[in-house]
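Numbering (full-length UniProt numbering), first residue to last: 1 to 231.
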Amino acid sequence: MRAGRAVPRITGYIRRGFWGRKDVKGTNLTELPWRDVRGVRVFDGFLTSAQQADMVTDVRAIVRAAPLIQPVTPRGQPLSVRMTSAGSHGWITDRQGYRYAPAHPSGAAWPPIPESIRAVWAAVAPQARAPESCLVNWYGPAARMGMHVDRDEADPSQPVISISLGDDALFRIGNAARGGTTESLWLRSGDVLMLSGTARLLHHGVDRIAPGTSTLLDAPGRINLTLRVVT
DNA sequence: TAGTGTCT
DNA sequence: CCGG
């Protein structure tokens with residue numbers, strides 16, 4: 001992979017004090033820098049190890065209620081990732097197309113989005129509407145995600161927030177139109193990324209997983225959680 | 001057109 | 001049947 005690494009650049013700060021921390025008076029608040037890659041906001045090391053572990057526990061509960069599926073594209077090509085969802089709407093990819101659906105293909109309702117995950121949205125995008133969908137993507141060591149745009153949400157003024165858990169992933173950010181130059185960055189366990197504003201409709205994808213770079217999960221691979229407002 | 005794919 |  002010879003795509004250029006993004007140079008970290010501090011462009012702002014948020015307050016970090018969510019999640020039961022003793023931050024009522026602001027005494028324990030810490031500033032969390034983000035960096036900006038083509039308008040995509042990257043929060044490196046957003047989650048502590050303990051927060052990541054709690055979140056994995058919650059993800060396992062989601063997967064028990066709504067088992068992972070290996071989707072196929074409308075042309076019948078299997079995706080390399082396995083997917084499930086939480087929330088009022090779940091992402092479905094099958095021969096019928098791409099869409100948000102109110103239930104798992106089994107017919108069971110999607111489980112609710114756990115508080116541990118919603119807390120990240122509230123901290124990073126406090127002005128946004130509540131998230132309606134949490135897509136759970138399981139990347140095995142060889143899984144990838146082709147370049148695409150998140151364009152199936154009714155209100156793209158609402159952000160998309162991505163949480164990385166487990167092994168490192170090489171994430172690529174492109175342009176509004178397909179093609180052109182791109183920038184790549186490694187996402188590590190506990191990192192949070194937000195597509196909003198001018199970056200909301202940029203092409204993006206995952207080129208590679210680096211197995212064995214995290215000890216968070218039992219098996220090599222990566223979990224990505226993507227929070228969205230759908231309606 | 002596909003493309004949340006596959007290939008050089 | 002493209003280009004990153």
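All residues carry an ideal CB built from backbone N, CA and C; glycine is no exception.
Keep in mind the model is a prediction, meaning the values are calculated, not measured.
- The residue among A219, L227, S49, D191 with its C-alpha nearest the C-alpha of R35 is D191.
- Taking the C-beta atoms as reference points, D207 is found no nearer than 7 Å to R188.
- Around P111, the same chain offers A61, I62, A65, A66, A86 as residues with beta carbons nearer than 8 Å, after the five sequence neighbours per side are excluded.
- Annotation: I62 is outside any beta strand (DSSP E); the continuous alpha helix (DSSP H) that includes it extends over 49-65.
- The beta carbons of V160 and R200 sit about 7 Å from each other, so the pair counts as a contact at 8 Å.
- Within the same chain, and ignoring the five residues on either side of S80 in sequence, the residues whose Cβ sits closer than 6 Å to its Cβ are A143, R144.
- When the Cα atoms are used, P71 and T231 turn out to be separated by approximately 23 Å.
- DSSP, reduced to helix, strand and coil, places I223 within a strand of the structure shown.
- Taking the Cα positions, S133 is about 19 Å away from R222.
- Annotated three-state conformation of E115 is helix, per DSSP.
- Counting the other Cβ atoms within 10 Å of the Cβ of Q96 gives fewer than 16, which makes it exposed.
- A123 counts as buried, since no fewer than 16 other beta carbons sit within 10 angstroms of its beta carbon.
- The three-state secondary structure of W110, taken from DSSP, is coil.
- Burial state of E153 is buried, judged by a 10 Å Cβ sphere holding 16 or more other Cβ atoms.
- Judged by beta-carbon spacing, T226 lies beyond the 7 Å limit of L165, meaning their Cβ atoms are not closer than that value.
- Taking 7 Å as the cut-off, the beta carbon of V37 is found no closer than this to the beta carbon of L202.
- As a beta-bridge residue in DSSP terms, D36 pairs with R41.
- Here the alpha carbon of A219 sits roughly 27 Å from the alpha carbon of H148.
- The three-state secondary structure of A123, taken from DSSP, is helix.
- Assigned with DSSP and collapsed to three states, G205 falls in strand.
- Rounded to whole angstroms, the Cβ separation of I92 and R82 is 13 Å, and the two are not in contact under 8 Å.
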